[in-house]
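Enquirer:
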Amino acid sequence: MYQKLKSIYPLVIPIIILVLGYFHGMKMRIEPTHDTFIGLLIFTFPFLFFMQGLYARFLNSNLLYSLSSAVASYIIVVFVWLNSIALDHLIFYIPIFLLGYGTMHLIKWRLVK
Numbered sequence: 582m583y584q585k586l587k588s589i590y591p592l593v594i595p596i597i598i599l600v601l602g603y604f605h606g607m608k609m610r611i612e613p614t615h616d617t618f619i620g621l622l623i624f625t626f627p628f629l630f631f632m633q634g635l636y637a638r639f640l641n642s643n644l645l646y647s648l649s650s651a652v653a654s655y656i657i658v659v660f661v662w663l664n665s666i667a668l669d670h671l672i673f674y675i676p677i678f679l680l681g682y683g684t685m686h687l688i689k690w691r692l693v694k
């Protein structure tokens with residue numbers, strides 16, 4: 582079971598990112614406000630990148646595989662529903678992912694001691 586979870590896990594959060602991007606895109610077509618766009622970029626994506634970093638270290642998953650799956654799904658969301666200017670936010674999201682990874686590393690290190 583653990584191995585199945587470890588192999589499926591990197592796809593879960595990118596799928597959440599894609600679904601959120603889809604619903605965000607639908608809302609923007611119906612009601613074009615910048616509040617939802619700003620909320621999605623400032624709060625939701627950093628939280629998802631942080632959580633993926635936590636889970637990557639918790640499951641001892643490959644760091645580059647997890648990070649690249651998160652970045653690839655974000656790029657898909659950007660090109661399908663947002664504009665390419667939002668790619669600049671990856672400068673902030675990648676360190677947030679690494680912060681989550683490092684946080685779980687410290688937690689696991691403390692539990693082993």
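Counting in my numbering, the sequence shown runs from 582 upward without gaps. A virtual CB, placed ideally from N, CA and C, is assigned to each residue, including glycine.
Give the straight-line distance between the Cα atoms of Thr625 and Phe660, rounded to the nearest whole angstrom.
Expert: The straight-line gap from Cα to Cα measures roughly 18 Å.
Enquirer: Quick check for students: name the residue ranges of the alpha helix (DSSP H) that lie wholly in the segment 630-681, counting only runs of 4 or more.
Expert: Entirely contained in the segment 630-681, the alpha helix (DSSP H) runs reaching 4 residues are, in chain order, 644-662.
Enquirer: With a Cβ-Cβ cutoff of 8 Å, do Val688 and Pro627 count as a contact?
Expert: Residue identity check: residue 688 is Ile in the sequence provided, not Val. In this structure, Pro627 does not lie closer than 8 Å to Ile688 by Cβ.
Enquirer: Rounded to whole angstroms, how far is the Cβ of Gly681 from the Cβ of Gln633, which I believe are closer than 8 Å?
Expert: The Cβ separation is near 7 Å, so the contact holds.
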